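Engineer:
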Amino acid sequence: MKKIIIFDTTLRDGEQSPGASLDIKAKIEIAKQLARLGVDVIEAGFPIASPGDSKAVYEVASIVKGPSICGLARAKTKDIDKCLEALRPAIKREQARVHVFLATSNIHMKYKLKKAEEEILKLAKYFVKYASDRCGDVEFSPEDASRSDVDFLCRVVEAVIDAGAKTVNIPDTVGYAIPVEFGSLIKTIKTKVPNSNKAVISVHCHNDLGLAVSNSLSAIQSGAEQVECTINGLGERAGNASLEEIVMGLKTREDMFKCTTSIKTEELYKTSRLVSKLTGIVVQPNKAIVGQNAFSHEAGIHQDGILKKSITYEIMKPEDVGFGATRLVLGKHSGKHALGDRLKKLGIELSDADLIKAFQRFKDLADKKKEVFDEDLLAIVEDEIVSVPETYRISGFEYRSGKDIEPHATIELTKGNTVKKESSSGDGPVDACYKAIEKITGAKLKLLDYSLKSTTGGKDALGEVSVRVMSGSGVEISGRGASTDIIEASAKAYVNALNKLVFTKSRKTKLEL
Ligand code: KIV
Ligand code: ZN
Numbered sequence: 002m003k004k005i006i007i008f009d010t011t012l013r014d015g016e017q018s019p020g021a022s023l024d025i026k027a028k029i030e031i032a033k034q035l036a037r038l039g040v041d042v043i044e045a046g047f048p049i050a051s052p053g054d055s056k057a058v059y060e061v062a063s064i065v066k067g068p069s070i071c072g073l074a075r076a077k078t079k080d081i082d083k084c085l086e087a088l089r090p091a092i093k094r095e096q097a098r099v100h101v102f103l104a105t106s107n108i109h110m111k112y113k114l115k116k117a118e119e120e121i122l123k124l125a126k127y128f129v130k131y132a133s134d135r136c137g138d139v140e141f142s143p144e145d146a147s148r149s150d151v152d153f154l155c156r157v158v159e160a161v162i163d164a165g166a167k168t169v170n171i172p173d174t175v176g177y178a179i180p181v182e183f184g185s186l187i188k189t190i191k192t193k194v195p196n197s198n199k200a201v202i203s204v205h206c207h208n209d210l211g212l213a214v215s216n217s218l219s220a221i222q223s224g225a226e227q228v229e230c231t232i233n234g235l236g237e238r239a240g241n242a243s244l245e246e247i248v249m250g251l252k253t254r255e256d257m258f259k260c261t262t263s264i265k266t267e268e269l270y271k272t273s274r275l276v277s278k279l280t281g282i283v284v285q286p287n288k289a290i291v292g293q294n295a296f297s298h299e300a301g302i303h304q305d306g307i308l309k310k311s312i313t314y315e316i317m318k319p320e321d322v323g324f325g326a327t328r329l330v331l332g333k334h335s336g337k338h339a340l341g342d343r344l345k346k347l348g349i350e351l352s353d354a355d356l357i358k359a360f361q362r363f364k365d366l367a368d369k370k371k372e373v374f375d376e377d378l379l380a381i382v383e384d385e386i387v388s389v390p391e392t393y394r395i396s397g398f399e400y401r402s403g404k405d406i407e408p409h410a411t412i413e414l415t416k417g418n419t420v421k422k423e424s425s426s427g428d429g430p431v432d433a434c435y436k437a438i439e440k441i442t443g444a445k446l447k448l449l450d451y452s453l454k455s456t457t458g459g460k461d462a463l464g465e466v467s468v469r470v471m472s473g474s475g476v477e478i479s480g481r482g483a484s485t486d487i488i489e490a491s492a493k494a495y496v497n498a499l500n501k502l503v504f505t506k507s508r509k510t511k512l513e514l
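So the number in my numbering is just where the residue sits in the sequence shown, counting from 1, plus 1.
1) Are there 16 or more other CB atoms within 10 angstroms of the CB of R94, so buried, or fewer, so exposed?
2) Nearer than 7 Å: is that true of the beta carbon of D14 relative to any heavy atom of the ligand KIV?
3) Is S263 near D41, with beta carbons less than 8 Å apart?
4) With a threshold of 7 Å (Cβ to nearest heavy atom), would L73 be considered close to the ligand KIV?
5) I'd like to know whether the C-beta atoms of A160 and A132 end up nearer to each other than 8 Å.
6) Around the C-beta of F360, are 16 or more other C-beta atoms found within 10 angstroms, so that it is buried, or is it exposed?
7) If contacts are defined as beta-carbon pairs under 8 Å, then S455 and G464 qualify, I think. What distance do you get, rounded to the angstrom?
8) Where does L512 fall in DSSP's three states?
9) Any heavy atom of the ligand ZN closer than 7 Å to the beta-carbon of L196?
10) With a threshold of 7 Å, establish whether the CB of P172 neighbours any heavy atom of the ligand ZN.
11) Since I believe V228 is in contact with I7 (beta carbons under 8 Å), could you give me their beta-carbon distance rounded to a whole number of angstroms?
12) What three-state label does DSSP hand Y314 in the structure shown?
13) Alpha carbon to alpha carbon, how far is K3 from D163?
14) Looking at the ligand ZN, does it come within less than 7 Å of N233, judged from the CB to the closest heavy atom?
15) Could you tell me whether any non-hydrogen atom of the ligand ZN is closer than 7 Å to the CB of N216?
16) Any beta carbon of chain B sitting closer than 8 Å to that of F398?
17) Could you give the uninterrupted runs of the alpha helix (DSSP H) lying entirely in the stretch 35-93, keeping only those of 4 residues or more?
18) In chain order, what residues of the same chain lie with their CB nearer than 6 Å to the CB of N287, ignoring the 5 residues before and after it?
19) Do Q304 and L329 have their beta-carbon atoms positioned less than 8 Å apart in this structure?
20) Counting only runs of 4+ residues fully inside the stretch 124-166, write out the alpha helix (DSSP H) ranges in chain order.
21) Within 10 angstroms of the Cβ of F374, are there 16 or more other Cβ atoms? Answer buried if so, exposed if not.
22) Taking C-beta to C-beta, are V322 and N233 nearer than 8 Å?
23) With V201 as the anchor, note down where its beta strand (DSSP E) starts and where it stops.
24) Please tell me whether T189 and D145 are closer than 8 Å, where the distance is taken between their beta carbons.
25) The ligand ZN heavy atoms versus the CB of G240: any closer than 7 Å?
26) Of the residues S484, D173, A50 and V283, which one's Cα is nearest the Cα of F398?
27) Would a C-beta distance cut-off of 8 Å place E391 and N500 closer than the cut-off?
28) Start and end of the alpha helix (DSSP H) containing E413?
29) Tell me the residue span of the beta strand (DSSP E) that contains Q227.
30) Between which two residues does the beta strand (DSSP E) containing P172 stretch?
31) Mind checking whether P143 and L114 have CB atoms under 8 Å apart?
Structure below.
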């Protein structure tokens, strides 16, 4: 299978992203990671642009071994000399590349360079030879190639190959090309330029129309052997073709492209995170391959499919790009299957009936909240859904209270075959009840919240008490009890919360009691 050369220009064109500036230390850190990722060429900077850039290229050339280290230069003696100087450590190891560029489009020649075709041709030849005499590996880019006259472009390509260029890179500098057109330009160069087989034909696409990756892949299908790209698609204006998208496109659709790369794809996510952190440019969540949502599913139908067989809705495995695992986001579009699966992962297996109840509560919550987290699910289940076994049952109950009478309560609790009774006084009858319950069970619960409401009208209304308590290890749980006697309702609510705590502990859910 044909191997596509991956030329990474994150540290050069990528750094030209508005707002992205990398100091030398950051450039070295990224370059080391690019080497681990397995790129073939690292374009480390544009040495003539600034002393910092020159120093960064020099440091990368000294420290980073493995890939070729490349520096950019205009077709000018001072640029090429500066570039050679910065690349010296890599030139010694024969792992350096000088990248010379000169515009060939009528627009650039007329308005920017103010030079005619023949002069451009002469300069291109001259400076490629100049660089080739000093460095074994020279690449030439006819800038704005996609808007250049094709015949003239072909003449330039032929001339620079004759002058010693080992790689000729065809840039879509302003992101103007469309895939079929760009692919056919590469085919024309490969077929019409007589010596095109003596050099690697490369492409460098910008993303102004969002077509950088498509144009690059189309060029590969037409015979391009190198792609220039950047991590996270960084680059001038709308950026360059994204390395991770090209690489995963080639890998996932190997059946179409029949190409490989040397990229260790499991390093992609890590590299993306590092570049984002050091440039300060965040990756959009829906970015292909490395965005936070790239392997997240929210639609119920999709989640159901994923749980049955991931291939239903995933064309790549998240592990293949180093992403960790597929994430099923629980939100309002999620289905019962996904909820059940997540609860199972939390150690909670519900009966079908309970799952339906939980699902209803979950949907109500998801309507109010964009994403439902594990804590929310635990709260739903532990608060409302699970029919908590009555570990403790109030089997006897008595209290005394009134003007000038110290509140006092006696509670009898049954646990299995054991019956225990305790009495206690308290600040009020409710407090006395709770103290008696604590004496029997040994539980020490902090009462966080207590509320009482009547569920029906009239003097004989049922009083419903809700309590929220905290266990010794900080777990908060609620309990409910109802009775026409509000003190009994209070005692029931407390025992209900206690039973839930005992139940949760026994299920070894994520909660630490
Ligand atoms: O976009 C472009 O044309 C470039 C060249 C220097 C290759 O970045
Ligand atoms: Zn560019």
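All C-beta atoms, glycine included, are put in the ideal place defined by N, C-alpha and C.
Predicted, not measured: the structure shown is a model, and the values here were computed from it.
Structural biologist: For this structure:
1) In the sequence shown, residue 94 corresponds to position 93, counting from 1. R94 comes out exposed.
2) Position 13 of the sequence shown, counted from the start, is the residue given in the question as residue 14. Yes; taking the cut-off as 7 Å, the Cβ of D14 has a heavy atom of the ligand KIV nearer than that.
3) To locate residue 263, count along the sequence shown from 1; it is residue 262. To locate residue 41, count along the sequence shown from 1; it is residue 40. Going by C-beta atoms, S263 is nearer than 8 Å to D41.
4) Here the question's residue 73 lines up with position 72 in the sequence shown. Checking the Cβ of L73 against the ligand KIV gives yes.
5) Against the sequence shown, residue 160 aligns to sequence position 159. Against the sequence shown, residue 132 aligns to sequence position 131. Not closer than 8 Å, so no.
6) As a working mapping, residue 360 is identified with position 359 in the sequence shown. Classification for F360: buried.
7) Start at 1 with the first residue of the sequence shown, and residue 455 comes out as number 454. Start at 1 with the first residue of the sequence shown, and residue 464 comes out as number 463. Yes, they are in contact, since the Cβ atoms of S455 and G464 sit about 6 Å apart, within 8 Å.
8) Counting from 1 along the sequence shown, the entry for residue 512 is found at position 511. Because L512 sits at a pLDDT of 35, beneath the cut-off of 50, its placement in the model cannot be relied upon, and the point is left open.
9) As a first step, residue 196 must be located in the sequence shown, where it is residue number 195. As written in the sequence, residue 196 is Asn, which differs from the Leu given in the question. No, since every heavy atom of the ligand ZN falls outside the 7 Å radius drawn around the Cβ of N196.
10) In the sequence shown, the residue the question calls residue 172 occupies position 171. Correct: P172 has its Cβ closer than 7 Å to the ligand ZN.
11) In the sequence shown, counting from the first residue as 1, residue 7 sits at position 6. In the sequence shown, counting from the first residue as 1, residue 228 sits at position 227. Indeed, because the Cβ distance is near 7 Å, the residues count as touching under 8 Å.
12) Position 313 of the sequence shown, counted from the start, is the residue given in the question as residue 314. Coil at Y314, not helix or strand.
13) Numbered from 1 along the sequence shown, position 2 holds the residue referred to as residue 3. Numbered from 1 along the sequence shown, position 162 holds the residue referred to as residue 163. About 25 Å.
14) Mapped onto the sequence shown, residue 233 falls at position 232. No, the Cβ of N233 stays beyond 7 Å of every heavy atom of the ligand ZN.
15) For the purposes of this step, residue 216 is taken as residue 215 along the sequence shown, with counting starting at 1. N216 Cβ: outside cutoff for every heavy atom of the ligand ZN.
16) In the structure shown, chain B cannot be found, because there is only a single protein chain.
17) 52-64 and 78-93
18) Within the sequence shown, residue 287 is the residue found at index 286, counting from 1. For N287, where only same-chain residues beyond five positions count, the Cβ hits under 6 Å are N294.
19) As a first step, residue 329 must be located in the sequence shown, where it is residue number 328. As a first step, residue 304 must be located in the sequence shown, where it is residue number 303. For L329 and Q304, yes; Cβs fall inside 8 Å.
20) 151-163
21) Position 373 of the sequence shown, counting from 1, holds the residue named residue 374. It is exposed - the Cβ of F374 has fewer than 16 other Cβ atoms within 10 Å.
22) Start at 1 with the first residue of the sequence shown, and residue 322 comes out as number 321. Start at 1 with the first residue of the sequence shown, and residue 233 comes out as number 232. In this structure, N233 does not lie closer than 8 Å to V322 by Cβ.
23) Start at 1 with the first residue of the sequence shown, and residue 201 comes out as number 200. Counting along the chain, the beta strand (DSSP E) containing V201 begins and ends at V201 to C206.
24) Here residue 189 is taken as the residue at index 188 of the sequence shown, counted from 1. Here residue 145 is taken as the residue at index 144 of the sequence shown, counted from 1. Their beta carbons are not under 8 Å apart, which means T189 does not touch D145 by this criterion.
25) For the purposes of this step, residue 240 is taken as residue 239 along the sequence shown, with counting starting at 1. G240: no, Cβ never under 7 Å from the ligand ZN.
26) Position 397 of the sequence shown, counting from 1, holds the residue named residue 398. Of the candidates S484, D173, A50 and V283, the one whose C-alpha sits nearest the C-alpha of F398 is S484.
27) As a first step, residue 391 must be located in the sequence shown, where it is residue number 390. As a first step, residue 500 must be located in the sequence shown, where it is residue number 499. Yes, the Cβ-Cβ distance between E391 and N500 is below 8 Å.
28) For the purposes of this step, residue 413 is taken as residue 412 along the sequence shown, with counting starting at 1. Careful: E413 lies outside any alpha helix (DSSP H), inside the beta strand (DSSP E) at I406 to K416.
29) On the sequence shown, position 226 is the one that residue 227 refers to. It spans Q227 to C230 - the beta strand (DSSP E) in which Q227 sits, taken as one unbroken run.
30) Numbered from its first residue, the sequence shown carries residue 172 at position 171. Residues T168 to D173.
31) Position 142 of the sequence shown holds residue 143. Position 113 of the sequence shown holds residue 114. Result no, Cβ atoms of P143 and L114 do not sit closer than 8 Å.
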